[in-house]
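Reading through the structure tokens given below for one structure.
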Amino acid sequence: MNTFIALIKREVLEHKSLWRVPAVLLGIALLVKMSFTFGNLHIDFDVPKGFDLESTVDSFLVSAVGKALSGMNYIIMLVMFVVAIFYTLSSLYNERQDQSVLFWRSLPISDTQTILAKLAIAMIVIPVLILVLQSVVAVLFLGAQSVDYLGSYLSEATVRMAKIMLWSMLPTIAWCLFCSQMAKKNPFMMALVIPILVIVVDKLFLSGVVSDTFVINRLTGVERYTSGVLIIGSIFSAVCISATIARRGELI
Amino acid sequence: MQELAQNGSAFVNVDNVSKRFGSTVALDSVSFSIDAGEIVGLIGPNGAGKSTLLKAMMGLLKFSGDLSVFGQNPMSNRADLLTKMSYIADVASLPGWMTVRELLNFVSDTHPKFELKRAIELLKDTPIKMNSLIESLSKGMKTRLHLSVILAVNTDFLVLDEPTLGLDVLVRRDFQDRLVEDYFNQQRSILITTHQIDEIESILTRVLFISDGRITLDINKSDLKTKYCKLLTQGNVVFSDPDTQPIYQRQLPEHTELIFEGVDREKLAEYGEVVTPSLEDLFVATNS
Numbered sequence: 001m002n003t004f005i006a007l008i009k010r011e012v013l014e015h016k017s018l019w020r021v022p023a024v025l026l027g028i029a030l031l032v033k034m035s036f037t038f039g040n041l042h043i044d045f046d047v048p049k050g051f052d053l054e055s056t057v058d059s060f061l062v063s064a065v066g067k068a069l070s071g072m073n074y075i076i077m078l079v080m081f082v083v084a085i086f087y088t089l090s091s092l093y094n095e096r097q098d099q100s101v102l103f104w105r106s107l108p109i110s111d112t113q114t115i116l117a118k119l120a121i122a123m124i125v126i127p128v129l130i131l132v133l134q135s136v137v138a139v140l141f142l143g144a145q146s147v148d149y150l151g152s153y154l155s156e157a158t159v160r161m162a163k164i165m166l167w168s169m170l171p172t173i174a175w176c177l178f179c180s181q182m183a184k185k186n187p188f189m190m191a192l193v194i195p196i197l198v199i200v201v202d203k204l205f206l207s208g209v210v211s212d213t214f215v216i217n218r219l220t221g222v223e224r225y226t227s228g229v230l231i232i233g234s235i236f237s238a239v240c241i242s243a244t245i246a247r248r249g250e251l252i
Numbered sequence: 253m254q255e256l257a258q259n260g261s262a263f264v265n266v267d268n269v270s271k272r273f274g275s276t277v278a279l280d281s282v283s284f285s286i287d288a289g290e291i292v293g294l295i296g297p298n299g300a301g302k303s304t305l306l307k308a309m310m311g312l313l314k315f316s317g318d319l320s321v322f323g324q325n326p327m328s329n330r331a332d333l334l335t336k337m338s339y340i341a342d343v344a345s346l347p348g349w350m351t352v353r354e355l356l357n358f359v360s361d362t363h364p365k366f367e368l369k370r371a372i373e374l375l376k377d378t379p380i381k382m383n384s385l386i387e388s389l390s391k392g393m394k395t396r397l398h399l400s401v402i403l404a405v406n407t408d409f410l411v412l413d414e415p416t417l418g419l420d421v422l423v424r425r426d427f428q429d430r431l432v433e434d435y436f437n438q439q440r441s442i443l444i445t446t447h448q449i450d451e452i453e454s455i456l457t458r459v460l461f462i463s464d465g466r467i468t469l470d471i472n473k474s475d476l477k478t479k480y481c482k483l484l485t486q487g488n489v490v491f492s493d494p495d496t497q498p499i500y501q502r503q504l505p506e507h508t509e510l511i512f513e514g515v516d517r518e519k520l521a522e523y524g525e526v527v528t529p530s531l532e533d534l535f536v537a538t539n540s
């Protein structure tokens with residue numbers, strides 16, 4: 001357990017975007033807050049269906065503030081997902097590039113522990129951070145009203161977050177870790193080009209079922225999440241992560 | 253087949269280990285063992301099989317034959333094995349983005365045998381500060397830091413892979429002194445690989461030459477003097493006695509060098525000066 005906490009601490013120290021980006025997001029929230037305290041706020045930003053505030057929550061908020069809040073919530077989530085993807089893409093690649101993998105692997109830490117710690121950052125630390133950030137922004141925007149709002153928002157948002165993490169993010173993150181370990185030159189290109197090729201080939205020559213199940217369904221919204229998609233995604237993730245662990249084990 | 257070795261007392265026991273990569277033979281029936289109280293130099297040119305042998309010892313590749321480290325099969329549990337032996341793959345491998353303090357804390361949290369106090373003590377008289385970023389240190393200081401971390405790990409077997417490659421002579425000498433003064437004792441052993449023989453010659457107690465995947469010489473440094481000698485002579489000397497034939501001969505501008513194996517030094521003294529050959533001499537003599 002000590003080792004696992006140390007590994008998580010190491011990731012946070014190494015990948016500074018994990019705390020710098022949240023700091024910037026809070027700064028932006030502060031600016032928005034100031035603009036509707038001192039200035040003239042016109043929110044012209046529509047969030048996708050499923051991410052806007054529940055009408056019960058909405059009713060007691062001034063509509064401009066409510067709109068600003070759901071906008072911020074959505075931006076925080078998207079930006080932090082991008083952070084998670086770039087974090088996993090770079091983590092295993094960087095330690096190979098700067099040779100530090102040789103040092104890490106000279107310590108009595110199994111490759112499984114190391115890679116699960118990286119997975120935990122993307123799958124647990126980042127979603128928790130998203131909810132914490134959203135809560136801080138709510139307090140900032142709503143003051144005393146935020147107690148009522150958060151009570152209803154967090155229960156709804158946690159379930160939605162868990163769904164997104166399991167259906168969409170788990171296979172994405174597992175794939176990024178795999179590319180980060182395998183790519184010779186550019187893990188980002190590898191992670192992007194292969195799924196695009198799969199979609200193109202599938203749509204042109206096959207029925208499109210493969211790309212729908214593997215890629216499209218995961219990106220187009222919570223309503224389309226079925227248990228079949230979850231099972232296929234989990235198997236795919238397990239294969240990616242095992243391959244990543246095995247591959248790291250081949251390095252001296 | 254890999255089985256646990258019967259010899260439980262040796263730190264490392266390598267018995268008839270071979271490894272092929274396709275048609276290339278990387279290791280060809282290699283056998284040796286390392287006991288407590290030895291500083292063994294595994295010496296050979298690039299591509300001789302040093303890294304393959306180390307990888308086999310670290311459980312990183314499959315091979316044929318028997319190999320055990322502390323009586324254990326290294327393939328079965330790398331992480332567990334690394335609590336008993338320390339290992340430096342490359343001194344340029346410390347993570348540059350960490351500070352010295354973060355590094356020490358991390359090793360302290362993850363290595364059950366690491367003594368933080370000892371590491372701090374080893375670093376006390378160096379210019380390395382706790383708040384220094386590792387990438388801001390010079391190459392020599394990085395090496396010193398890496399070695400200090402490893403020396404503060406309380407294990408009895410230390411493996412160093414080309415540890416002083418690319419370091420200047422002062423850092424190299426300091427590295428060797430630290431190994432002997434701060435780590436080595438009769439309960440411990442060190443295995444060092446290198447292709448630059450003269451670099452580590454002075455601290456070794458035993459030498460293993462490896463060439464084309466074979467051990468070509470395995471000798472204690474103390475036996476070197478009695479078994480081998482080098483004759484420095486003028487001109488061309490021909491020995492009629494079939495028992496007194498040089499294994500290697502080299503023409504130099506000022507004299508001729510001849511290396512003999514198992515020949516009485518007094519027999520040769522009449523032809524010129526008789527000295528003990530350097531490891532480099534021996535390496536060339538036994539591999540040509």
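Quick note, the sequences are listed as chains F and P, same order. Here the first sequence is numbered in the working numbering, starting from 1 and rising by one per residue. Here the second sequence is numbered in the working numbering, starting from 253 and rising by one per residue. We put the CB at the ideal spot given by N, CA and C, even for glycine. Quick caveat: nothing in here was measured; it's all calculated off a predicted structure.
- R10 (chain F) reaches chain P at F358, counting residues in chain order whose Cβ is nearer than 7 Å.
- When rounded, the separation of the alpha-carbon atoms in V137 (chain F) and R10 (chain F) is 28 Å.
- Taking the beta carbon of E354 (chain P) as reference, the chain F residues within 9 Å of it are K9, R10, L13, listed in sequence order.
- Within the same chain, Cβ atoms closer than 6 Å to the Cβ of S237 (chain F) are found at L170, P171, A174, the five residues on either side in sequence being excluded.
- In the structure shown, R458 (chain P) adopts extended strand secondary structure according to DSSP, grouped into three states.
- With a threshold of 8 Å between beta carbons, T362 (chain P) makes contact with chain F.
- A direct Cα-Cα distance of roughly 16 Å separates P505 (chain P) from G524 (chain P).
- When secondary structure is reduced to three states using DSSP, Q113 (chain F) falls in the helix class.
- Contact with chain P is found for Q99 (chain F), since one of that chain's Cβ atoms lies less than 8 Å from the residue's Cβ.
- Taking a 10 Å sphere around the C-beta of G311 (chain P), we find 16 or more other C-beta atoms and assign the residue as buried.
- For I241 (chain F), the closest Cβ of chain P is not nearer than 8 Å.
- In the displayed model, E373 (chain P) falls within a helix according to three-state DSSP.
- Cβ proximity to chain F below 8 Å picks out T335, S338, Y339, I340, A341, D342, A344, S345, L346, P347, G348, W349, M350 from the region 335–352 of chain P.
- If you draw a straight line from the Cα of L31 (chain F) to the Cα of Y225 (chain F), it is about 36 Å long.
- DSSP lists P:V411 as the bridge partner or partners of Y339 (chain P).
- Every beta strand (DSSP E) of 3 residues or more that sits fully in the region 459–488 of chain P is shown, in chain order, as 466–472, 480–485.
- In this structure, M350 (chain P) sits near L13 (chain F), with a CB-CB distance shorter than 8 Å.
- Taking the CA atoms as reference points, T508 (chain P) sits about 14 Å from A537 (chain P).
- Bridge partners of Q439 (chain P) according to DSSP: none are assigned.
- Sequence-distant partners of C179 (chain F) (beyond 5 residues in either direction) whose C-beta falls short of 6 Å from its own C-beta, in its chain, are P187, M190, A191.
- In terms of beta-carbon proximity, D434 (chain P) stays away from the interface with chain F, with every pair separated by 8 Å or more.
- Along the region 372–386 of chain P, there is no position whose C-beta sits under 8 Å from a C-beta of chain F.
- The count of Cβ pairs closer than 8 Å, one atom from the region 462–477 of chain P and one from the region 280–299 of chain P, reaches three, so the stretches are in contact.
- Between the C-alpha atoms of K479 (chain P) and L7 (chain F) there is a straight-line separation of about 52 Å.
- F512 (chain P) and L483 (chain P) do touch by the CB rule: their CB atoms are close to 7 Å apart, below 8 Å.
- Cβ-Cβ separation between T445 (chain P) and L306 (chain P): approximately 6 Å, consistent with a contact (criterion under 8 Å).
- The region 288–296 of chain P and the region 439–456 of chain P touch, with three or more beta-carbon pairs separated by less than 8 Å.
- K302 (chain P) has its alpha-carbon roughly 60 Å from the corresponding atom of E156 (chain F).
- A371 (chain P) is positioned such that its CB atom lies no closer than 8 Å to that of L389 (chain P).
- Closest in C-alpha terms to A64 (chain F), from the list F:V83, F:Y87, F:L92, F:K33, comes F:K33.
- Taken in chain order, the members of the region 101–116 of chain F whose beta-carbon sits within less than 7 Å of a beta-carbon on chain P are L102, F103, S106, L107, P108, I109, S110.
- For the options P:V432, P:V266, P:I467, P:F263, the alpha carbon positioned closest to that of L456 (chain P) is the one of P:V432.
- In the three-state reduction of the DSSP assignment, Q97 (chain F) falls in the helix class.
- At a cut-off of 8 Å between C-beta atoms, E156 (chain F) does not count as an interface residue with respect to chain P.
- Here the alpha carbons of L89 (chain F) and E95 (chain F) stand approximately 11 Å from one another.
- In the DSSP annotation of this structure, the continuous segment of the alpha helix (DSSP H) that includes V132 (chain F) starts and ends at 126–142.
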